[in-house]
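Asker:
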Amino acid sequence: MYSTKKNVLQTVALLKAHGIDHIVISPGSRNAPLAQTFSQDPFFRCFSIVDERSAGFFAIGLINKLQRPVAICCTSGTALLNYGPAVAESFYQELPLVVISADRSPAWIGQMDGQTLPQPGVFGSMVRKSVQLPEIHSDEDLWHCNRLINECLIECTGRGAGPVHINIPVSEPLFDFSEEALPQVRRIQSVFGNRLSDLSDFSSRWDASEKRIILLGQMPRNEALTEQLDILAGRLDCVVLCEHLSNAVSPHFIGNFDSLTEVFSETEAEELAPDLLITLGGHVVSKKIKKFFRNHPPVNHWHLSTSGKCVDSFQCLTDLIETDPTCFFSEMKTTDEKGKRFVHNWMKAASSIHAPDQNFPFSDIGVVGAFLQMLPEKSSLFVGNSSSVRNIQLYPMPADTEVFCNRGTNGIEGSISTAGGYAAIHKGLTFLLVGDLSFFYDLNGLLNKYISGNLRILLINNGGGGIFNLLPGLDKSEALESFIAARHHISAEGWVKATGFKYLKAENRTDLVHALAEFTAPDSAHAMVLEVFTDTETNKAAFTSYYHQLKKQ
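According to my numbering, the stretch in the sequence shown is residues 5 to 557, in order.
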């Protein structure tokens with residue numbers, strides 16, 4: 005019989021799934037749930053060593069013989085510190101030592117409770133990875149716990165080897181051993197570049213899948229990769245989904261999936277959900293596509309990464325593959341027609357979603373559409389976070405435009421400065437599309453002696469954080485206007501003129517058409533700011549109307 009503690013069960017079951025079967029256990033009460041669970045499963049060979057310092061080196065001896073990971077397990081408090089010398093030795097020998105420590109609930113650290121000290125991260129730079137597991141009370145806790153353990157065990161042997169630390173808080177009662185079996189757990193398989201000499205297994209699994217989707221995140225332009233994906237999508241082998249930030253353009257790719265997934269019926273969602281999802285690149289902006297894959301998880305989710313970093317955005321990752329994606333996709337072969345109907349259905353659904361037309365109300369969305377229509381050839385476009393980066397996705401992007409955004413942490417700071425740094429060494433036109441709060445937050449970016457005449461900033465001033473007026477439920481908050489959306493009546497005109505930029509403004513559609521003509525003119529030598537004033541209520545009504553019309557189609 006096993007412990008009922010779910011984080012303990014996940015840990016033991018995942019060590020078993022990863023093939024780690026030698027466990028060195030030092031005695032204690034806080035780690036009794038771990039000792040009970042390890043010792044009662046015949047898969048594990050358990051050793052009892054009282055002194056933790058000795059236990060650590062005993063495990064190193066096992067690793068030297070086995071040439072694979074070995075785990076050591078101790079109770080809370082100073083017991084963990086005694087592993088220090090062995091952890092350091094395994095770090096510099098690059099030996100896969102898995103340190104598992106039981107711990108008190110974090111609430112009791114520093115409260116004069118017995119055997120308590122800050123255990124998370126106690127080995128500092130001497131381990132390749134250290135994680136603090138949650139106590140599991142929800143499905144999200146369960147996913148989080150599973151992912152953290154997988155990440156640690158992958159890091160233990162990936163791209164070399166070394167020690168890792170899994171700290172497990174266990175609250176009382178400790179001694180309920182009534183669980184009859186270990187749970188079925190998700191093991192994330194990892195394949196690193198130096199082991200990826202044979203892609204036949206992935207190619208076979210690709211061919212066995214009927215419904216394949218490749219989702220691209222933010223990345224620089226990669227012509228070779230785009231060409232390879234275009235071949236796959238062009239012969240209807242798979243669906244390729246990409247936002248403008250992926251800088252991959254093809255008539256065979258689908259970019260309006262955010263709007264598309266908004267209008268899926270449940271039947272359509274089930275029909276269009278993949279059984280194989282392959283992701284690569286950085287951040288994906290669309291919250292709707294994240295929800296779609298989380299609610300309809302594929303049987304297989306492969307994440308391709310050149311760094312080997314484990315990213316599980318959709319909570320269904322099965323394989324982490326460190327590889328060059330262009331070479332990887334060149335090896336994916338399809339031998340029959342079974343997936344073509346799936347691709348056709350996606351393309352048909354995507355073609356039914358149209359961008360807002362020219363008669364769309366003068367609003368944030370309409371301004372973005374008018375601007376994108378007039379972008380000069382071979383422009384570079386930076387976009388601010390929040391509404392700006394989402395609204396561009398409603399429209400097609402000129403194929404030769406490179407798109408950038410500070411999407412790593414999605415903050416509002418630094419938009420002007422980042423675009424300014426790019427423009428300072430770029431020969432062509434550099435545009436920045438940004439909202440008012442992001443613009444005012446980075447006003448110092450205008451005070452830059454390296455600003456050149458090729459920088460053009462389109463500032464959409466809707467008097468605050470406009471996106472907050474679109475989020476369901478926030479309209480009921482008394483704090484919305486003053487403290488969340490930060491409503492204001494400020495114009496950028498004075499600051500812009502003071503810094504030497506040419507200032508243009510538009511308050512209606514006619515103004516906008518005239519201003520955009522000058523703003524996008526490639527032969528102008530002036531850095532410019534075009535400030536466009538829109539109305540919050542009109543913006544909200546236009547947004548709601550657009551999605552309402554989509555759902556009626």
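Using N, Cα and C, we set each Cβ at its ideal position, and we do this for glycine too. Remember, predicted model here, so these are calculated numbers, not experimental data.
Please confirm whether ALA423 and TYR454 have their CB atoms less than 8 Å apart.
Answerer: As a position in the sequence shown, residue 423 is number 419, starting the count at 1. As a position in the sequence shown, residue 454 is number 450, starting the count at 1. No. Outside cutoff.
Asker: Give the range of the beta strand (DSSP E) segment to which ALA106 is assigned.
Answerer: Within the sequence shown, residue 106 is the residue found at index 102, counting from 1. Looking at the DSSP string, the run of the beta strand (DSSP E) that includes ALA106 is 101 to 107.
Asker: Could you check if HIS358 is buried or exposed, using at least 16 other CB atoms within 10 Å of its CB as the buried criterion?
Answerer: Taking the sequence shown and counting its residues from 1, one reaches residue 358 at position 354. Residue environment analysis places HIS358 among the exposed positions, since fewer than 16 neighbouring C-beta atoms fall within 10 angstroms of its C-beta.
Asker: Compare the beta carbon distance of ILE67 and VAL103 with 8 Å and say whether it is the shorter of the two.
Answerer: Translated into positions along the sequence shown, residue 67 becomes position 63. Translated into positions along the sequence shown, residue 103 becomes position 99. The answer is no: Cβ separation not under 8 Å.
Asker: Do you know offhand how far GLY221's Cα is from GLN44's?
Answerer: In the sequence shown, residue 221 corresponds to position 217, counting from 1. In the sequence shown, residue 44 corresponds to position 40, counting from 1. Here the alpha carbons of GLN44 and GLY221 stand approximately 44 Å from one another.
Asker: Less than 8 Å between the C-beta atoms of ALA252 and THR283, yes or no?
Answerer: Looking up residue 252 in the sequence shown gives position 248. Looking up residue 283 in the sequence shown gives position 279. No, the Cβ-Cβ distance between ALA252 and THR283 is not below 8 Å.
Asker: For CYS242, which of SER250, HIS248, LEU249, SER213 has the nearest alpha-carbon?
Answerer: For the purposes of this step, residue 242 is taken as the residue at position 238 of the sequence shown. Answer by Cα proximity: SER213.
Asker: Can you tell me the Cα-Cα spacing of SER175 and HIS169, whole angstroms?
Answerer: By 1-based counting over the sequence shown, the position of residue 175 is 171. By 1-based counting over the sequence shown, the position of residue 169 is 165. One C-alpha to the other measures close to 19 Å.
Asker: Using 8 Å as the limit for Cβ to Cβ distance, is GLN362 near chain C?
Answerer: Reference to chain C is not applicable here, since this structure consists of a single protein chain.
Asker: Exposed or buried, ILE325, counting other C-beta atoms within 10 Å across all chains shown (16 or more means buried)?
Answerer: Numbered from its first residue, the sequence shown carries residue 325 at position 321. With 16 or more Cβ atoms within 10 Å of its Cβ, ILE325 is classed as buried.
Asker: Determine the burial state of ASP55: buried for a count of at least 16 other Cβ atoms within 10 Å of its Cβ, exposed for fewer.
Answerer: What you label residue 55 is simply residue 51 of the sequence shown in a count that begins at 1. ASP55 should be labelled exposed.
Asker: Compute the Euclidean distance between the alpha carbons of ILE396 and GLN377, then round it to the nearest angstrom.
Answerer: Working through the sequence shown from its first residue, we reach residue 396 at position 392. Working through the sequence shown from its first residue, we reach residue 377 at position 373. Taking the straight line joining both Cα atoms gives about 11 Å.
Asker: Take ASP234 and list the residues in its own chain whose beta-carbon comes closer than 7 Å to its own, dropping the five residues that flank it on each side.
Answerer: Along the sequence shown, one-based indexing puts residue 234 at 230. Contacts found: SER254, HIS256.
Asker: What are the start and end residues of each continuous alpha helix (DSSP H) run of 4 or more residues lying completely inside the region 508 to 538, in chain order?
Answerer: 513 to 523
Asker: Alpha carbon to alpha carbon, how far is PRO37 from PHE346?
Answerer: Residue numbering aside, residue 37 sits at position 33 when the sequence shown is read from its first letter. Residue numbering aside, residue 346 sits at position 342 when the sequence shown is read from its first letter. Each residue's Cα considered, the two are about 48 Å apart.
Asker: Do you know how far the Cα of GLU274 is from the Cα of ILE172?
Answerer: Locating residue 172 in the sequence shown gives position 168, counting from the first residue. Locating residue 274 in the sequence shown gives position 270, counting from the first residue. For ILE172 and GLU274, the distance between alpha carbons rounds to 37 Å.
Asker: Quick check on CYS156: does DSSP put it in helix, strand or coil?
Answerer: Residue numbering aside, residue 156 sits at position 152 when the sequence shown is read from its first letter. In the structure shown, CYS156 sits in a helix (DSSP, three-state: H, G or I).
Asker: Which residues in the same chain have their Cβ closer than 7 Å to the Cβ of HIS300, if we skip the five residues on either side of it in sequence?
Answerer: Counting from one through the sequence shown, the residue named residue 300 turns up at place 296. Cβ within range, chain order: ALA273, GLU274, ALA277.
Asker: Anyone know if the C-beta pair for LEU152 and LEU137 falls short of 8 Å?
Answerer: The residue you call residue 152 lines up with position 148 of the sequence shown. The residue you call residue 137 lines up with position 133 of the sequence shown. Yes, Cβ-Cβ distance for LEU152 and LEU137 is below 8 Å.
Asker: Since THR322 contacts ILE217 with CB under 8 Å, what's their CB separation in whole angstroms?
Answerer: On the sequence shown, residue 322 is found 318 positions in, with the first residue counted as 1. On the sequence shown, residue 217 is found 213 positions in, with the first residue counted as 1. Their Cβ separation, rounded to whole angstroms, is 14 Å, which puts THR322 and ILE217 out of contact at 8 Å.
Asker: Return the first residue and the last residue of the beta strand (DSSP E) that GLU231 is part of.
Answerer: Taking the first residue of the sequence shown as 1, we reach residue 231 at position 227. Where GLU231 is concerned, there is no enclosing beta strand (DSSP E), although the alpha helix (DSSP H) it sits in stretches over 227 to 238.
Asker: According to DSSP, is SER96 part of a helix, a strand, or is it coil?
Answerer: For this step, residue 96 is matched to residue 92 along the sequence shown. In the sequence on display, residue 96 carries Tyr and not Ser. Correct three-state label for TYR96: helix.
Asker: Excluding the 5 residues preceding and the 5 following ASP404 in the sequence, name in chain order all residues of the same chain whose CB lies nearer than 7 Å to its CB.
Answerer: Reading the sequence shown from its first residue, position 400 is the one you call residue 404. Only GLU381, LYS382 meet the Cβ criterion.
Asker: Provide the residue(s) that pair with LEU219 in DSSP beta bridges, ordered along the chain.
Answerer: The sequence position of residue 219 within the sequence shown is 215, counting from 1. DSSP output for LEU219 lists LEU245, THR283 as bridge partner(s).
Asker: Mark LEU451 as exposed unless 16 or more other C-beta atoms lie within 10 angstroms of its C-beta, in which case mark it buried.
Answerer: The count along the sequence shown starts at 1 and reaches residue 451 at position 447. LEU451 should be labelled exposed.
Asker: On the DSSP bridge list, what partners appear for SER269?
Answerer: Along the sequence shown, one-based indexing puts residue 269 at 265. DSSP lists no beta-bridge partner residue for SER269.
Asker: For ASP539, collect the residues of the same chain with a Cβ closer than 6 Å to its Cβ; drop the 5 residues on either side in sequence, then sort them by chain order.
Answerer: Looking up residue 539 in the sequence shown gives position 535. Cβ neighbours of ASP539 beyond the five flanking positions: none.
Asker: List in chain order: all unbroken beta strand (DSSP E) runs of 3+ residues lying wholly within the region 292 to 378.
Answerer: Complete beta strand (DSSP E) runs here, min 3: 304 to 309, 323 to 326.
Asker: What distance in whole Å lies between the Cβ atoms of LEU459 and ALA531, which are believed to be in contact at a cut-off of 8 Å?
Answerer: For the purposes of this step, residue 531 is taken as the residue at position 527 of the sequence shown. For the purposes of this step, residue 459 is taken as the residue at position 455 of the sequence shown. The pair is a contact, with the Cβ atoms about 5 Å apart (cut-off 8 Å).
Asker: When DSSP builds the beta bridges, which residues end up paired with ASN171?
Answerer: Your numbering for residue 171 matches position 167 in the sequence shown. Bridge partners of ASN171: SER105, GLN136.
Asker: Entirely within the region 392 to 427 and at least 3 residues each: give me those beta strand (DSSP E) ranges in chain order.
Answerer: 406 to 408
Asker: Between the C-alpha atoms of ALA63 and LEU219, what's the straight-line distance to the nearest angstrom?
Answerer: To locate residue 63, count along the sequence shown from 1; it is residue 59. To locate residue 219, count along the sequence shown from 1; it is residue 215. One alpha carbon belongs to ALA63, the other to LEU219, and they sit about 42 Å apart.
Asker: Is the region 348 to 356 close to the region 430 to 441, with three or more CB pairs under 8 Å?
Answerer: no
Asker: Is it buried or exposed, VAL517, if we count other Cβ atoms within 10 angstroms and call 16 or more buried?
Answerer: As a first step, residue 517 must be located in the sequence shown, where it is residue number 513. Classification for VAL517: exposed.
Asker: Is the distance from the Cβ of GLU247 to the Cβ of SER290 below 8 Å?
Answerer: By one-based count along the sequence shown, residue 247 stands at place 243. By one-based count along the sequence shown, residue 290 stands at place 286. Against a cut-off of 8 Å, the Cβ pair of SER290 and GLU247 comes out as a contact.
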